[in-house]
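The structure appears right after this line, and notes come after that.
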Amino acid sequence: EALLDVPKLQFFEVYNGHPSVDNWGNEAKGFHPTDRIWDIVLSMRQRRGDGRILYGVGTDDTHDYFKRAIGESNSGRGWIQVLADSLTPESIIAAMKDGSFYASTGVTLDSISFDGKKMTVAIEAEDGVTYTTKFFGTRKDFDPTSEPKLGEDGKPVAGASKVYSDEIGETLLETTENPAVYELNGDELYVRAKIISSKEQENPFKAGDLETAWTQPAIPGR
Numbered sequence: 016e017a018l019l020d021v022p023k024l025q026f027f028e029v030y031n032g033h034p035s036v037d038n039w040g041n042e043a044k045g046f047h048p049t050d051r052i053w054d055i056v057l058s059m060r061q062r063r064g065d066g067r068i069l070y071g072v073g074t075d076d077t078h079d080y081f082k083r084a085i086g087e088s089n090s091g092r093g094w095i096q097v098l099a100d101s102l103t104p105e106s107i108i109a110a111m112k113d114g115s116f117y118a119s120t121g122v123t124l125d126s127i128s129f130d131g132k133k134m135t136v137a138i139e140a141e142d143g144v145t146y147t148t149k150f151f152g153t154r155k156d157f158d159p160t161s162e163p164k165l166g167e168d169g170k171p172v173a174g175a176s177k178v179y180s181d182e183i184g185e186t187l188l189e190t191t192e193n194p195a196v197y198e199l200n201g202d203e204l205y206v207r208a209k210i211i212s213s214k215e216q217e218n219p220f221k222a223g224d225l226e227t228a229w230t231q232p233a234i235p236g237r
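Residue numbers for the sequence shown follow this note's numbering, so the first one is 16 and each next one is one higher.
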């Protein structure tokens with residue numbers, strides 16, 4: 016809800032490698048997974064006509080440099096891959112502001128394209144590794160209402176995110192094909208892709224995490 020009140024905000028950490036961050040949500044505290052938060056903000060911004068696209072970034076949030084282990088905030092857990100004209104600060108920042116990058120914890124992409132009618136994601140596949148691409152989006156007629164998160168006592172959970180409709184950020188397509196292609200129906204507000212590999216991260220913030228990549232949302236007509 017706080018993010019919705021900052022319409023000029025342009026970047027959002029969809030992944031943070033610090034061990035205290037709830038990337039995958041926290042049901043007890045009423046925190047949504049970061050993917051879910053991203054979809055809610057994207058949907059509401061498009062519905063309100065706020066215009067600015069919220070881009071997803073990955074970061075390791077490094078604080079611990081000498082001991083590498085789960086539970087430590089180590090480097091190399093999350094980053095972004097930027098398609099810039101040159102390796103200058105100005106060029107990289109310009110590309111980021113244009114959404115010409117993706118977030119990753121290990122998956123490498125060959126290309127991402129969107130022609131207004133379909134989104135195509137080509138993966139730089141590793142031998143012996145399988146990849147599942149999930150395309151997420153919200154349709155124009157989605158239910159925008161929300162309600163408080165209630166605890167076992169029936170009272171709102173303090174500090175919890177509100178509960179929103181499952182129509183927000185629904186899975187439009189799941190495929191193991193490479194390239195992965197989603198053809199739009201024409202009623203999507205946006206489409207984004209999440210690519211999950213079968214390979215575990217070498218040093219994850221949580222045991223068992225798989226190498227993953229997130230594309231930026233593509234908005235028809237823009």
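Idealized CB from N, CA, C, for every residue including glycine. In this text, all values refer to a predicted model and were calculated from it rather than measured experimentally.
Residue i classed as buried or exposed, judged by whether at least 16 other C-beta atoms fall within 10 angstroms
i, result
"Leu69", "buried"
"Asn200", "exposed"
"Val21", "exposed"
"Thr145", "exposed"
"Pro163", "exposed"
"Lys112", "exposed"
"Asp142", "exposed"
"Phe81", "exposed"
"Arg207", "buried"
"Ala222", "exposed"
First through last residue of the beta strand (DSSP E) which encompasses residue i
i, result
"Asp125", "124-129"
"Lys155", "It is not in any beta strand (DSSP E) - Lys155 carries neither H nor E in the DSSP assignment."
"Ile183", "Where Ile183 is concerned, there is no enclosing beta strand (DSSP E), given that its DSSP letter is neither H nor E."
"Val136", "133-138"
"Lys44", "Counting along the chain, Lys44 falls outside any beta strand (DSSP E), and DSSP gives it neither H nor E."
"Asn200", "Here Asn200 belongs to no beta strand (DSSP E), and DSSP marks it neither H nor E."
"Leu165", "It is not in any beta strand (DSSP E) - Leu165 carries neither H nor E in the DSSP assignment."
"Glu141", "No beta strand (DSSP E) holds Glu141; DSSP gives it neither H nor E."
"Glu192", "Unbroken run through Glu192: none, as it is neither H nor E."
Spatially closest choice to residue i from the options, by CA coordinates
i, options, result
"Thr77", "Leu188, Arg62, Gly93", "Gly93"
"Ile95", "Glu185, Thr191, Ala84, Ile108", "Ile108"
"Ala195", "Leu124, Tyr205, Gln25, Leu225", "Leu124"
"Leu188", "Lys209, Gln216, Pro171, Gly174", "Lys209"
"Ile234", "Ser88, Ile183, Gly152, Glu87", "Gly152"
"Phe27", "Lys44, Asp50, Gly40", "Asp50"
Quick one: any contact between the region 88-103 and the region 55-63, if contact means 3 or more CB pairs under 8 Å? No: fewer than three Cβ pairs fall under 8 Å.
Ignoring anything shorter than 3 residues or poking outside the region 59-109, list the beta strand (DSSP E) runs there in chain order. Annotation note: the region 59-109 contains the following uninterrupted beta strand (DSSP E) runs of length 3 or greater, listed N- to C-terminal: 70-74, 94-97.
For the region 131-140 and the region 155-162, state whether three or more C-beta atom pairs, one from each stretch, are separated by less than 8 Å. The region 131-140 is not in contact with the region 155-162.
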